[in-house]
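Chemist: When you number the sequence shown by the working numbering, it's gap-free, plus one each residue, and the end is 830. Ideal Cβ positions, reconstructed from N, Cα and C, are used throughout, including at glycine. For clarity, every value in this text was computed on a predicted model and none was experimentally measured.
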Amino acid sequence: MLTKILRLTLLIVWTIAIAIGGFHHTPTIAIAAATDPPPFAARVVAPVVLDGRELFELGAAGPFSARERVQRVEIGLRQFLRSPSPDPKVIIASLNGNETIRLNDRHLLTVTDSDIEPGLTTTEQAEIWRDLLIVELQRSIQERQPQYFQTQQLKAFQLLGIAAILYLLSWELDVILRRRLHPDDRPSSTSKSAPSATTTDQTRHTLLHLSLLAAQALGWITAFYYVADLFPQSRQWRYNFIANFTRPVLLLGDRYSSILDLILLLGMLVGLWFSVIWVTDRFRSQVLSVTGADRGIQDITIVLGRSVLLFVGLSIVLQVWGIDIASLAVLLSALSVGIGFGLQNIANNFISGIIISFDRSMKVGDFIQLNDLMGTVERIGTRSTELRTLDHVSIVVPNSRFLEEALVNWNHGNPVSRIGIPVGVAYGSDSDRVRDALLEVARNYEPLLLAPEPQVWFRGFGDSALNFELLVWIRDPQNQFKYISELNYRIYDVLARYQIEIPFPQRDLHLKSIQVDSPIEALGLNQANTNELK
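#1: Mind checking which residues open and close the alpha helix (DSSP H) that includes residue 389?
#2: Curious, which full-length alpha helix (DSSP H) runs of at least 4 residues does the region 350–438 contain?
#3: Which residues in the same chain as residue 783 place their Cβ atom closer than 6 angstroms to its Cβ, once the five residues preceding and following it in sequence are excluded?
#4: Output the distance between the C-alpha atoms of residue 788 and residue 737, rounded to the nearest integer angstrom.
#5: List the whole-angstrom C-beta distance separating residue 658 from residue 651, where the pair is believed to meet the contact cut-off of C-beta under 8 angstroms.
#6: Nearest to residue 412 by alpha carbon, out of 353, 540 and 693?
#7: Could you tell me whether the region 719–737 touches the region 760–772, where touching means 3 or more Cβ pairs closer than 8 angstroms?
#8: Short check: CB of residue 384 to CB of residue 429, under 9 angstroms?
#9: Ends of the alpha helix (DSSP H) at residue 737?
#10: Less than 9 angstroms between the beta carbons of residue 404 and residue 366, yes or no?
#11: Relative to the C-alpha of residue 855, which residue among 731, 456 and 504 is closest?
#12: Hey, residue 362 and residue 340 are a contact pair by Cβ (cut 8 angstroms); roughly how many whole angstroms apart?
#13: Can you tell me which of 688, 517, 436 and 502 puts its alpha carbon nearest to the alpha carbon of residue 463?
#14: Taking residue 723 as the reference, which of 752, 760 and 408 has the closest Cα?
#15: Looking at the structure shown, is residue 785 part of a helix, part of a strand, or coil, going by DSSP?
#16: Taking the alpha helix (DSSP H) that residue 535 falls in, what are its first and last residues?
#17: Whole angstroms is fine: what's the gap from residue 524's alpha carbon to residue 533's?
#18: For residue 691, which residues in the same chain have their Cβ closer than 6 angstroms to its Cβ, ignoring the five residues on either side in sequence?
#19: Is the region 670–683 touching the region 642–649 in the sense that three or more CB pairs, one from each, lie closer than 8 angstroms?
#20: Figure out for me which residue from 475, 587, 741 and 522 has the closest Cα to the Cα of residue 451.
#21: Taking the DSSP output, what are the residues bridged to residue 763?
#22: Comparing C-alpha positions only, which one of 612, 654 and 400 sits nearest to residue 595?
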């Protein structure tokens with residue numbers, strides 16, 4: 297669905313761009329404003345365009361700028377082509393010592409010193425332009441004939457048909473590649489290496505898909521480009537569209553850049569980003585994975601490597617583009633202060649992630665407890681750490697919390713740990729039999745370790761019970777709650793078998809009787825008790 301939207305968007309953008317060029321410019325003659333420079337660019341010449349083809353350039357002369365002179369010439373050409381039966385008669389005439397070009401006995405332009413090419417005289421330049429105008433005007437007249445339009449229309453349908461066939465072939469190729477790379481869309485979970493392999497395949501397919509999409513877009517753009525060249529009106533639209541994109545609009549470094557230049561710069565930056573990602577991913581799969589380094593250290597190394605490569609690559613691209621990095625130092629330093637306040641927490645978490653990865657306080661696979669959070673570390677990232685709780689719920693925790701709060705790592709150093717199960721028995725029970733019963737439960741439950749040996753401690757005398765605690769050792773602390781539950785079941789059964797009573801809280805209620813001398817006093821006492829109860 298996303299692919300179809302992108303394709304449709306591309307066609308709509310191209311169509312709108314052509315339409316904008318057609319609505320804002322004269323159909324047959326280019327208006328000089330389309331190619332005129334912005335006020336800040338010092339341009340001394342402007343091109344005269346006929347049906348999307350540049351004929352020659354005019355410079356400023358006297359009180360008239362190059363743009364004004366071009367407009368006058370194009371108005372004359374436009375009026376000539378709109379005449380009922382145009383027949384170009386271009387001659388050279390002298391006026392006040394200057395060479396002028398006349399079109400059907402109407403003044404078209406005056407050749408000045410600012411117009412001539414190096415090594416030519418005004419007369420020679422006028423002759424060249426006269427011959428050029430005759431050829432181009434005859435071509436424009438021919439392109440407006442019905443026979444020419446029918447012939448070019450057939451060529452346009454042929455070009456669009458070829459483009460459609462190539463598009464369908466590329467679409468079918470995309471489907472075939474998708475089936476080969478992903479014969480089964482269900483993700484594999486048979487091994488730990490499956491996710492990385494699946495990610496690699498997905499990345500490869502994404503790159504291939506984007507390449508095919510770019511080829512399809514390039515094919516359609518090429519087809520429309522050549523179709524637009526077949527007709528004078530569409531050729532003029534194309535020229536205006538390209539002129540708007542190639543006109544200088546922004547000063548970058550030591551040169552003026554157009555919209556097309558900015559798009560190319562953006563494309564270079566995007567290409568740099570994807571290149572850095574590809575290089576670092578290859579480094580991870582070919583080098584870091586072989587060394588057996590912890591995944592957290594791999595992530596930190598990759599992030600630092602990407603940052604360095606992006607900084608170096610960005611510096612090279614900007615210098616090639618003519619942008620002095622030193623001139624941006626003041627601006628970047630000012631921005632860094634403002635950004636620093638906004639990204640303070642992000643920077644704190646990033647540095648905390650580096651510290652966690654290198655001091656090895658926890659690693660992927662450890663069972664940890666952070667205040668009320670308890671779970672297994674699934675991933676240690678540059679900004680946050682992912683925990684999977686006992687309920688199989690993923691929780692993303694900022695890295696700074698692991699340095700600011702007390703962290704309990706059950707697997708740090710040695711995963712063997714001790715757990716305690718409190719047990720209360722009734723007063724009067726034999727303490728030795730209680731200890732034997734609890735030790736029997738611990739020794740007969742296989743997941744528990746026999747070395748160190750389990751122990752039973754007499755914790756004290758409670759309000760209604762003798763408090764004991766069974767202390768056992770386990771090697772997988774993430775299953776401690778499962779073991780505690782199973783031990784409670786077994787303790788209940790063994791205490792029943794040993795006829796050891798499990799007490800429950802008891803309260804003794806002592807009632808005092810009040811002796812009254814008369815029924816009236818008894819009635820008053822009952823009334824008072826009733827009021828108290830209310």
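Modeler: In short, the structure shows the following:
#1: Taking the sequence shown and counting its residues from 1, one reaches residue 389 at position 93. Per DSSP, residue 389 belongs to no alpha helix (DSSP H); it is in the beta strand (DSSP E), 386–391.
#2: Note on the region 350–438: whole alpha helix (DSSP H) runs with a minimum of 4 residues are 362–377, in chain order.
#3: As a working mapping, residue 783 is identified with position 487 in the sequence shown. For residue 783, where only same-chain residues beyond five positions count, the Cβ hits under 6 angstroms are 717.
#4: Mapped onto the sequence shown, residue 788 falls at position 492. Mapped onto the sequence shown, residue 737 falls at position 441. When rounded, the distance between both Cα atoms is 10 angstroms.
#5: Within the sequence shown, the letter at position 362 stands for residue 658. Within the sequence shown, the letter at position 355 stands for residue 651. The Cβ separation is near 11 angstroms, so there is no contact.
#6: Here residue 412 refers to the residue found at position 116 when the sequence shown is read from its first residue. Taking the Cα of residue 412 as reference, the smallest distance to any Cα among 353, 540 and 693 is reached at 353.
#7: Touching, per the Cβ criterion.
#8: As a position in the sequence shown, residue 384 is number 88, starting the count at 1. As a position in the sequence shown, residue 429 is number 133, starting the count at 1. Taking C-beta atoms as the reference points, residue 384 and residue 429 count as a pair closer than 9 angstroms.
#9: The residue you call residue 737 lines up with position 441 of the sequence shown. Looking at the DSSP string, the run of the alpha helix (DSSP H) that includes residue 737 is 727–739.
#10: Sequence index remark: in the sequence shown, residue 404 carries index 108 (1-based). Sequence index remark: in the sequence shown, residue 366 carries index 70 (1-based). Taking 9 angstroms as the cut-off, the Cβ atoms of residue 404 and residue 366 do not count as close.
#11: The chain is shown only over 297 to 830; residue 855 falls outside these bounds and no answer can be derived.
#12: Counted from its first residue, the sequence shown places residue 362 at position 66. Counted from its first residue, the sequence shown places residue 340 at position 44. The Cβ separation is near 7 angstroms, so the contact holds.
#13: On the sequence shown, residue 463 is found 167 positions in, with the first residue counted as 1. The shortest Cα separation from residue 463 among 688, 517, 436 and 502 belongs to 517.
#14: As a position in the sequence shown, residue 723 is number 427, starting the count at 1. Considering only alpha carbons, the answer is 760.
#15: Numbered from its first residue, the sequence shown carries residue 785 at position 489. Residue 785 falls in the helix class under three-state DSSP.
#16: Against the sequence shown, residue 535 aligns to sequence position 239. It spans 528–542 - the alpha helix (DSSP H) in which residue 535 sits, taken as one unbroken run.
#17: Along the sequence shown, read from residue 1 onward, the residue named residue 524 stands at position 228. Along the sequence shown, read from residue 1 onward, the residue named residue 533 stands at position 237. Cα to Cα, residue 524 sits roughly 8 angstroms from residue 533.
#18: Taking the sequence shown and counting its residues from 1, the one referred to as residue 691 is at position 395. Only 683 meet the Cβ criterion.
#19: Look at the beta carbons and you see the region 642–649 touching the region 670–683: at least three pairs across the two are nearer than 8 angstroms.
#20: As a working mapping, residue 451 is identified with position 155 in the sequence shown. Ranked by Cα distance from residue 451, the first of 475, 587, 741 and 522 is 522.
#21: Sequence index remark: in the sequence shown, residue 763 carries index 467 (1-based). Note: residue 763 sits in a beta bridge opposite 720 and 756.
#22: Taking the sequence shown and counting its residues from 1, one reaches residue 595 at position 299. The option with the nearest alpha carbon to residue 595 is 654.
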